[in-house]
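These notes are about the structure you will find just below.
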Amino acid sequence: MIRAVRRNSNSSRSCPTFVALAVVLTIFISAPQLFADEPYARNRDYDLQHSKISLRFDLSQKKVLGEVTHSLSILHDGAAKIVFDSASLTIQKVIVNKADAKFETSAEKLIIPLAAAAKAGDRFEITIRYEGKPTKGMYFILPDKDYPDRPSQIWTQGESEDTHYYLPTYDYPNDRLTTETILTVPASWITVSNGKLVSVTDAGKGLKTWYWKESVPSSTYLITVVAGEFDEVKESWHGIPVTYYAPKGRGDRLPAMYGRTPAMMELFSKKFGVDYPWEKYAQAMVDDFVAGGMENSSATTNTSSSLTHPKLAPEYLTGEDDLVSHELGHQWFGDLLTCKDWGNIWLNEGFATFTETMWTEAHYGKEQADYQRWASRREWFQSGNLWSKPLVRHDFDDSSEFDGNAYGKGGWILYMLRHQMGDDAFYAAIKHYLEANRGKNVVSADLAKAIEESSQTNVDQFFNQWVYGAGAPKFDLSYTYDGEKHQVALTVKQTQKIEGSVGLFRVPAEVEVTTGSGLKLYNITVATKAAQTFWLPADSAPLMVLFDKGGHLLKSAEFHKEKKEWLYQLKNATELADRADAVVALGKIKNDEEVVTALGETLRSDKAWGVRAIAADTLGQLGGASASKSLVAALDSQDKPWVRSRVVSALGNTKEDAGVIARLNAIAKQDDSYRARAGALQALGRLKGPDAFATLEAAVAADSPDGFLRNAALRAFGSLGDDKAVPLLLQWSAAGKPIDSRTAAINSLGRLKKDDKEITQQIAAYLTEQHFPVRMSSIYALGSRGDATAIPALETLLKSDDLSIEMVPMIKGQIARLKKPADGKPGGSHASGDADEESSESSAGGPSTTEQRLEKLERLLQEMSDRLKSMESRLPPPKQ
Ligand SMILES: [Zn+2]
Numbered sequence: 001m002i003r004a005v006r007r008n009s010n011s012s013r014s015c016p017t018f019v020a021l022a023v024v025l026t027i028f029i030s031a032p033q034l035f036a037d038e039p040y041a042r043n044r045d046y047d048l049q050h051s052k053i054s055l056r057f058d059l060s061q062k063k064v065l066g067e068v069t070h071s072l073s074i075l076h077d078g079a080a081k082i083v084f085d086s087a088s089l090t091i092q093k094v095i096v097n098k099a100d101a102k103f104e105t106s107a108e109k110l111i112i113p114l115a116a117a118a119k120a121g122d123r124f125e126i127t128i129r130y131e132g133k134p135t136k137g138m139y140f141i142l143p144d145k146d147y148p149d150r151p152s153q154i155w156t157q158g159e160s161e162d163t164h165y166y167l168p169t170y171d172y173p174n175d176r177l178t179t180e181t182i183l184t185v186p187a188s189w190i191t192v193s194n195g196k197l198v199s200v201t202d203a204g205k206g207l208k209t210w211y212w213k214e215s216v217p218s219s220t221y222l223i224t225v226v227a228g229e230f231d232e233v234k235e236s237w238h239g240i241p242v243t244y245y246a247p248k249g250r251g252d253r254l255p256a257m258y259g260r261t262p263a264m265m266e267l268f269s270k271k272f273g274v275d276y277p278w279e280k281y282a283q284a285m286v287d288d289f290v291a292g293g294m295e296n297s298s299a300t301t302n303t304s305s306s307l308t309h310p311k312l313a314p315e316y317l318t319g320e321d322d323l324v325s326h327e328l329g330h331q332w333f334g335d336l337l338t339c340k341d342w343g344n345i346w347l348n349e350g351f352a353t354f355t356e357t358m359w360t361e362a363h364y365g366k367e368q369a370d371y372q373r374w375a376s377r378r379e380w381f382q383s384g385n386l387w388s389k390p391l392v393r394h395d396f397d398d399s400s401e402f403d404g405n406a407y408g409k410g411g412w413i414l415y416m417l418r419h420q421m422g423d424d425a426f427y428a429a430i431k432h433y434l435e436a437n438r439g440k441n442v443v444s445a446d447l448a449k450a451i452e453e454s455s456q457t458n459v460d461q462f463f464n465q466w467v468y469g470a471g472a473p474k475f476d477l478s479y480t481y482d483g484e485k486h487q488v489a490l491t492v493k494q495t496q497k498i499e500g501s502v503g504l505f506r507v508p509a510e511v512e513v514t515t516g517s518g519l520k521l522y523n524i525t526v527a528t529k530a531a532q533t534f535w536l537p538a539d540s541a542p543l544m545v546l547f548d549k550g551g552h553l554l555k556s557a558e559f560h561k562e563k564k565e566w567l568y569q570l571k572n573a574t575e576l577a578d579r580a581d582a583v584v585a586l587g588k589i590k591n592d593e594e595v596v597t598a599l600g601e602t603l604r605s606d607k608a609w610g611v612r613a614i615a616a617d618t619l620g621q622l623g624g625a626s627a628s629k630s631l632v633a634a635l636d637s638q639d640k641p642w643v644r645s646r647v648v649s650a651l652g653n654t655k656e657d658a659g660v661i662a663r664l665n666a667i668a669k670q671d672d673s674y675r676a677r678a679g680a681l682q683a684l685g686r687l688k689g690p691d692a693f694a695t696l697e698a699a700v701a702a703d704s705p706d707g708f709l710r711n712a713a714l715r716a717f718g719s720l721g722d723d724k725a726v727p728l729l730l731q732w733s734a735a736g737k738p739i740d741s742r743t744a745a746i747n748s749l750g751r752l753k754k755d756d757k758e759i760t761q762q763i764a765a766y767l768t769e770q771h772f773p774v775r776m777s778s779i780y781a782l783g784s785r786g787d788a789t790a791i792p793a794l795e796t797l798l799k800s801d802d803l804s805i806e807m808v809p810m811i812k813g814q815i816a817r818l819k820k821p822a823d824g825k826p827g828g829s830h831a832s833g834d835a836d837e838e839s840s841e842s843s844a845g846g847p848s849t850t851e852q853r854l855e856k857l858e859r860l861l862q863e864m865s866d867r868l869k870s871m872e873s874r875l876p877p878p879k880q
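Each residue of the sequence shown is one higher than the one before, counting from 1 in my numbering.
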């Protein structure tokens, strides 16, 4: 799945996925999580083979009326009962092999005693009639007094263990079954479920019955039901139906965001060597979705915020392709092959993250893929709480297993395998892994075995250090040149702390040595040693030495080079990662005109937009008159919106300067790029210029596509810090206003008039609303206010039974924040985790103060509530 929330990733300076956000927020968390998933696969008593699921709905009561017939066979002799997972459902009747049966229920189980002990292989057909108002798992998004015109939608979200809140079943991934799903809904509705649509028939009384049949087995967390008022777009791929659904009225947004799906199916089928395995592929976009996307087999559900307004869509280089390719990749990895337990979730999420990069590289080119990989590496190293955890782990009581290791590091590990094995051997191994395990549950050893069988390559050490071990190499690099022997002596030290599951790494690396007469490449293998020296021939003193040219290792590196070497690398390195590294290294040199000039030149002329954008970030962090001048000059170049908005944002980090503010004001009022205008509004808020309040107020009053500029202005009021904005923010936070505007306003309310308890109470009142984004931003805003009177409301919320998995860590984090006395700074202090951020190479610019870090968190949050996005993939280039 994906969890949450991000802006279009290619582009924006911060496009946190929810995962990343959760990672950052984990800084605040100390207490164990209440609702951890079961880490190890259960022992099964039966094999559930087929479920025939019939559902009707009582819309006024938000109730599901269900009947399910399970076909199963017993696995052990002497079975005396059959137990299903079932929560918050009223069981009305149970029929076992056509006879009425007794049953008992507990909070989480339906227990059916058998009349006589059963033997292994005995088959049962069990029908359960039930009804209930699901607290999670199934969601009713219906018109109400605040949103009378919203299209009706019912949708489910099974992962991780929520299917049994609307369907009594076996709710763990280590079983697979086929399904029939029979949905009776108002005649004007559309439904989407797993498998093939067999029929739609009149059911009388203004109802129709939709009959779906899935004949390829998959796990119960992948069962899906979507029903409601939708627009539909139909395409196909090699005769397989490919459909997209948008809440009624937004169907025109589907082609631009989803139309590349068949091309992705083609690419992945070819590369994996196994054709898309399901009978159709549907993507249903729903409102208030509790995640970014969910790869239900043959029928993905995504957040409707992926339906970017047509006027904004061209401003995002890769659209929603990361989300679309991620969930599509899961149809092989996750659905056709499924992790045996949550401890191996990286086999789902790491592969889905890797498939994003396959599409990026094939469709947008190598440089775009290089840039995203470079950014995701930095992001992973910034997430200090991931460091000590192995990729495969079974101890996730205190943090979700859906973390930046499962996604980002998992994707990286597959990339490294591909790079080290070569494309042909790697994809042949993946094909073998898919074919050998098709329709099965897998653990990491299955992947290692498939690679070994296919390629005759022993990957035991690779798996030990990257999959079962934790951390990654941190290199300290330096070299000397011996003019007599004509040799470069490259010293490679591994400086990561060796403790827990973190050890020394053995990795291959390509080293480039460039001298006046050209470049030479050397392949070296870094051994599991703390320090090692490599002697490399060079005819004269090097102009440039690159370690791991092109950045193919998940590593951090402190390469001791002189300024002139970095300047040479910035201009001459052929690979994006090496130029980007040079930008970051130069950003650590303060008050140096030569550096600022060089970065300004890079911002103007580097061929890769990603490098230009990183240069813009870095100039913003360096600040000073020359840096501002370079940034302002870059605005004249009319670069792509995804660079232009970065330049504008970077200006918001420079010191207040009348010229800069005038320019930002002009952009905020008029520019070809909405993203640049939004960035200018936010920058004006941060710079707190003289007319900022009036500019923001005017932007709130004006119209723009999907309220894009209004929402940016509402968020900017939080940075501006002027309490005069409170009445306006309260007005826009109220029920009935667009959800995106509400979350923006609520975030800013978290930062203003912090001693006003009425504001705290108003935000606390939003906690129990149904709208997931409103709840999430309210939780965070209460933490930001530092008003401890909010603690009881948050603690009450923590006890409620309708929390989706991502809300729990968020609530606990904010309670911890409120309990910890502030250090005088707004929002309280939050020390642990800071060290990680400081020690990471990411702080290209100035000192990372508590306030800056807090701002970063708030920016992440703002981005998140700005638009709920899919969550999984990578984080963008850190800007800070
Ligand atoms: Zn996923």
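Cβ coordinates follow ideal geometry from the N, Cα and C atoms, glycine included.
For the alpha helix (DSSP H) holding residue i, just list the boundary residues, first then last.
i      : result
Met264 : Thr261 to Phe272
Trp380 : Lys366 to Gln382
Val392 : Per DSSP, Val392 belongs to no alpha helix (DSSP H) and is neither H nor E.
His432 : Asp423 to Asn437
Phe124 : Unbroken run through Phe124 is the beta strand (DSSP E), Arg123 to Gly132; no alpha helix (DSSP H).
Asp740 : Ile739 to Leu749
Thr602 : Glu593 to Ser605
Glu279 : Taken as a continuous stretch (DSSP letters only), Glu279 belongs to no alpha helix (DSSP H), as it is neither H nor E.
Taking the continuous beta strand (DSSP E) assigned at residue i, which residues delimit it?
i      : result
Ile182 : Leu177 to Pro186
Met138 : Met138 to Ile141
Trp535 : Ala531 to Pro537
Gly228 : Val225 to Gly228
Asp202 : Lys196 to Gly204
Trp212 : Leu207 to Ser218
Ile112 : Lys109 to Ala118
Asn405 : Note, Asn405: premise wrong, no beta strand (DSSP E); not H, not E.
Tyr244 : Ile240 to Pro247
Leu490 : Gln487 to Gln494
How many whole angstroms separate the CB atoms of residue i and residue j, which I take to be in contact at a CB cut-off of 8 Å?
i      : j      : result
Val492 : Phe475 : 6 Å
Phe103 : Ile112 : 5 Å
Ser44  : Leu65  : Checking the displayed sequence, the identity of residue 44 turns out to be Arg instead of Ser. That belief does not hold up - the Cβ atoms of Arg44 and Leu65 are roughly 29 Å apart, past 8 Å.
Ala627 : Val596 : 5 Å
Met285 : Glu159 : Not confirmed; about 18 Å, so no contact.
Ser649 : Gly600 : With 8 Å as the limit, Ser649 and Gly600 do not qualify as a contact, their Cβ atoms being about 17 Å apart.
For residue i and chain C, any beta-carbon pair shorter than 9 Å?
i      : result
Arg393 : Among the chains of the structure shown, chain C does not appear; only one protein chain is present.
I'd like to check one pair, residue j with residue i: are the Cβ atoms closer than 9 Å?
i      : j      : result
His363 : Ala263 : yes
Thr191 : Tyr130 : no
Leu317 : Gln368 : yes
Gln889 : Phe351 : Lying before the first or after the last residue shown, residue 889 is absent from the chain, which here runs from 1 to 880.
Ser219 : Tyr172 : yes
Arg742 : Gly786 : no
Pro641 : Arg675 : yes
Going by DSSP, name the residue or residues bridged to residue i.
i      : result
Trp359 : According to DSSP, which records beta bridges pairwise, Trp359 is partnered with nothing at all.
Arg56  : Leu65
Thr515 : Gly518
Ile667 : Note: Ile667 sits in no beta bridge, so no partner.
Please determine if the segment 180 to 189 and the segment 299 to 309 are in contact, where contact requires at least 3 C-beta pairs separated by less than 8 Å. no
Kindly confirm or deny that the segment 380 to 387 and the segment 443 to 455 touch, where touching means at least three C-beta pairs closer than 8 Å. no
With a threshold of 8 Å, are at least 3 pairs of Cβ atoms found where one atom belongs to the segment 391 to 407 and the other to the segment 334 to 347? yes
Taking one C-beta from the segment 331 to 344 and one from the segment 727 to 740 each time, how about it: are there three or more such pairs within less than 8 Å? no
May I ask you to verify whether the segment 738 to 748 touches the segment 775 to 788, counting CB pairs closer than 8 Å and requiring at least 3? yes
Any contact between the segment 502 to 516 and the segment 543 to 556? By contact I mean 3 or more CB pairs, one from each, below 8 Å. yes
Under 8 Å, with one C-beta from each stretch per pair, do the segment 427 to 442 and the segment 521 to 538 reach the 3-pair mark? no
Does the structure place the segment 571 to 587 close enough to the segment 522 to 540 that three or more beta carbon pairs sit under 8 Å? no
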